[in-house]
Amino acid sequence: MDQLDQRAGGNENGSSINDVKDQYHPVWGQMGNYASEREKRRQLLLMLCQHEADRLEVWAQPVGPKESASRLKISSEKWIEFARTAFSVDPRIALSLAARFPANSALKAEITQLVQSHILDIRSIPEALPYFVTPKAVDENSTSLQQLPHWAACSITQALEFLTPAYKGHPRVMAYVLRVLESYPPERVTFFMPQLVQALRYDDEKLVEGYLLRAAQRSDIFAHILIWHLQGETCVPESGKDAASITNNSFQALLPVVRQRIVDGFNPKAFDVFQREFDFFDKVTSISGVLFPLPKEERRAGIRRELEKIQVEGDDLYLPTAPNKLVRGIQVDSGIPLQSAAKVPIMITFNVVDRDGDPKDIKPQACIFKVGDDCRQDVLALQVISLLKDIFEAVGLNLYLFPYGVLPTGPERGIIEVVPNSRSRSQMGETTDGGLYEIFQQDFGPVGSPSFEAARENFLISSAGYAVASLLLQPKDRHNGNLLFDNVGRLVHIDFGFILETSPGGNMRFESAHFKLSHEMTQLLDPSGVMKSDTWYQFVSLCVKGYLAARRYMDGILNTVLLMMDSGLPCFSRGDPIGNLRKRFHPEMSEREAANFMIRTCTDAYNKWTTAGYDLIQYLQQGIEK
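So for the sequence shown, this note's numbering puts the first residue at 366; every next one is plus one.
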């Protein structure tokens, strides 16, 4: 200590080691006024620890106390202080603070100011983008946008927001978005192909088109999926003279031009693959049109006749809905005409192998080919379901979702992957008069046996997964023809013709519950019949955890849906679909409040009379088993 004093005493400015200690902390770093700054940081840390403890308590006990946990009572001035303190330690802490409290306007305003005043210091943090890349900044051509060429790349879902009309195709913003897209392999970007095609509506500078053409040259699969989506968007031009009609007609005129540019960019080998792939599936799809004039009893034989004419040319053809599955043949006896009000969809089974698997391991995969049906809305719904599936897996939640493949291949034409080893609830009703509880005993053994309880568990985790997805997407038309069960008891929802703000029957709200939970479902989920059983507790707990996990990724889901707003899909035809979707995430709620909301949602869905009523209507109108 004497040596330290001597070294300190030799300082010309007269500062001592104690002065230095007053300004530096081994964790918090440099501080101006040690005592004051230390207290601010202590208070911030205590607040964060308390909030995290509350969050973890909800996660550990999702069906916990019904009363809402005490909210943090913090003034706007204190939130501003927290923001400044967090930013002084590390800007990422401040940005995480805002993400943790997304509905706090005082916090957001202060962090916006901090980001814009320290913009040169935080270019490695993509999470800061929404605080200076805004529609207002675009309108004013803010100088802060000049930093974008130097900014770290964000996620694709974050970049999608910048492609919406609110950002007016600003050159710096667009250049940044394209840099983000270019940083991913083209096959990774194909998931968001519907959104990228919609972005062509606002692509005055041809920047999105340029990216799509470059990516198409790098990947045949990207090129093919892009062409199918371009064809799926094609429709008859509108006759109106309003701005929306003119914009849409310009978009429609662009689609075949972009398609031709992609085809013109193929080298001879790529063109050969393209021609064989598209010719093959065009022939299969066209069978539906051939069947339409035929009497119903002759249609199955008609499918076989047409399939016998089609040859698989080459060993590189693949299923458009699953590019990793290579086609090795068609099962010509597999063709089935499906029930439909006005069209003749057909189901055909292919022999396929995994692209990277054993070439001798041939498996069947059935697909439905539709003509006269717009399946683009199904694609959007299944995108959200796929994002939720990834979210659940990322946080280690045992929830089941099956986002089967759907691809529009032309105007009102599409291919739909069939869920393997499954049958609809209405099909199950054709072979037995019992409910699900009795059917599960027939298929899996007596109640209490390992096989029955395993099937019940599978039904539970899939029902919980689709409960969360249904709360957010609001799919209607949930009759028993649209509910599948696979051979291990898992539930899978199909057919998303009515989502968000729309429902059948002129939006009469027959299905008012947030998700379908009929009496026969509750018999499996809740043997007690009064919401007191362990399995019901497990179901509600999983629903709560799934909902809490989804809330953390709200912006990514919203951005995916937002870019489809001008697509003309029916789900955007009324109301405020984006605003109401955001409301269903309840960003203003604490974790416990959100958990209690989901608990109430489950209770409300429990055998709600409108669900049983809708099944009865479907039975009376269409003969679909209750």
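Heads up, the beta-carbon is just placed ideally off N, CA and C, and yes, glycines get one too.
1) Let me know the secondary structure DSSP gives Thr714 once reduced to three states.
2) Can you look up Leu413 in the DSSP assignment and give me helix, strand or coil?
3) So, using beta-carbon positions, are Leu572 and Arg537 closer together than 8 Å?
4) Let me check one thing: in DSSP terms, what residues is Val736 bridge-paired to?
5) Which residues bound the beta strand (DSSP E) around Pro456?
6) Measure the alpha-carbon distance for Val503 versus Phe527 and round it to whole angstroms.
7) Can you tell me which of Phe466, Pro500, Pro456 puts its alpha carbon nearest to the alpha carbon of Arg488?
8) Please list, in chain order, all residues of the same chain as Arg716 whose beta carbon is under 7 Å from its beta carbon, the five residues on each side excluded.
9) Per DSSP, which residues does Leu684 bridge with? Please list them.
10) What's the gap between the Cα of Asn689 and the Cα of Phe557?
11) Spell out the partners DSSP gives Ser906 in its beta bridges.
12) In terms of residues, what are the limits of the beta strand (DSSP E) holding Arg788?
13) Apart from the five residues on each side of it in sequence, which residues of its chain come closer than 6 Å, Cβ to Cβ, to Val760?
14) Can you tell me where the alpha helix (DSSP H) holding His858 begins and where it ends?
15) My parser needs the alpha helix (DSSP H) runs of 4 or more residues fully inside the region 512-556; what are they?
16) If distances are taken between C-alpha atoms only, which option among Gln676, Leu684, Arg669 comes closest to Ser699?
17) Among Gln617, Lys725, Ile733, which has the Cα closest to the Cα of Met712?
18) Rounded to whole angstroms, what is the Cα-Cα separation between Ile756 and Thr925?
19) Using a Cβ-Cβ cut-off of 7 Å (strictly less than) and excluding sequence neighbours within five positions of Gly911, which residues of its own chain qualify?
20) If I follow the unbroken alpha helix (DSSP H) through Leu849, where does it start and stop?
21) Output the distance between the C-alpha atoms of Pro660 and Gln704, rounded to the nearest integer angstrom.
22) At the level of alpha carbons, what is the spacing between Leu848 and Pro840?
23) At which residues does the alpha helix (DSSP H) containing Gly722 begin and terminate?
24) According to the Cβ coordinates, are Lys735 and Gly779 closer than 8 Å?
25) Return the chain-ordered ranges of every beta strand (DSSP E) run that is complete within the region 618-704 and spans a minimum of 3 residues.
26) List the whole-angstrom C-beta distance separating Leu825 from Phe904, where the pair is believed to meet the contact cut-off of C-beta under 8 Å.
27) Could you give the C-beta distance for Val334 and Ala518, rounded to a whole number, given that I count them as a contact under 8 Å?
28) On the CB-based measure, 16 or more other CB atoms within 10 Å of its CB, does Pro938 come out buried or exposed?
29) Assign Arg583 to one of two classes, buried (16 or more other C-beta atoms within 10 Å of its C-beta) or exposed (fewer than that).
30) Within a Cβ cutoff of 6 Å, which residues of the same chain sit near Leu641, ignoring the five residues on either side of it in sequence?
31) Pick out whichever of Asp419, Gln408, Val423, Ala418 has its Cα sitting closest to the Cα of Ile445.
32) As an exercise, report each continuous alpha helix (DSSP H) stretch of at least 4 residues that is fully enclosed by the region 871-951, in chain order.
33) I need the straight-line Cα distance from Cys740 to Met412, nearest angstrom please.
34) Under 8 Å by Cβ, that's how I've got Ser787 and Val857 pegged, so tell me the actual separation to the nearest angstrom.
35) Can you check DSSP and say which residues form a bridge with Gln730?
36) Take Arg947 and list the residues in its own chain whose beta-carbon comes closer than 8 Å to its own, dropping the five residues that flank it on each side.
Considering the structure as presented:
1) strand
2) helix
3) no
4) Arg778
5) Unbroken run through Pro456 is the alpha helix (DSSP H), 456-465; no beta strand (DSSP E).
6) 10 Å
7) Pro456
8) The displayed chain sequence assigns Asn, not Arg, to residue 716. Same-chain partners within the cutoff: Arg693, Gly694, Gln696, Ile727, Pro729.
9) Ala687
10) 17 Å
11) Looking at the DSSP assignment, Ser906 forms no beta bridge with any residue, so it has no partner.
12) 787-789
13) Ala914
14) Taken as a continuous stretch (DSSP letters only), His858 belongs to no alpha helix (DSSP H), being part of the beta strand (DSSP E) at 856-858.
15) 521-526, 536-547, 551-554
16) Arg669
17) Ile733
18) 14 Å
19) Phe757, Leu762, Leu764, Ala829, Gly830, Val833
20) Counting along the chain, Leu849 falls outside any alpha helix (DSSP H), though it belongs to the beta strand (DSSP E) covering 848-851.
21) 13 Å
22) 12 Å
23) That residue, Gly722, is in no alpha helix (DSSP H); it is neither H nor E in DSSP.
24) yes
25) 687-695
26) 5 Å
27) A question about residue 334 goes unanswered here, because the residues of the chain that appear run from 366 up to 991.
28) Note that residue 938 is Ser in the sequence shown, not Pro. Result: exposed.
29) exposed
30) Correcting the residue identity first, residue 641 is Arg in this sequence and not Leu. Glu678, Gly679.
31) Gln408
32) 884-890, 899-916, 919-927, 942-950
33) 48 Å
34) 6 Å
35) Phe715
36) Met919, Leu923
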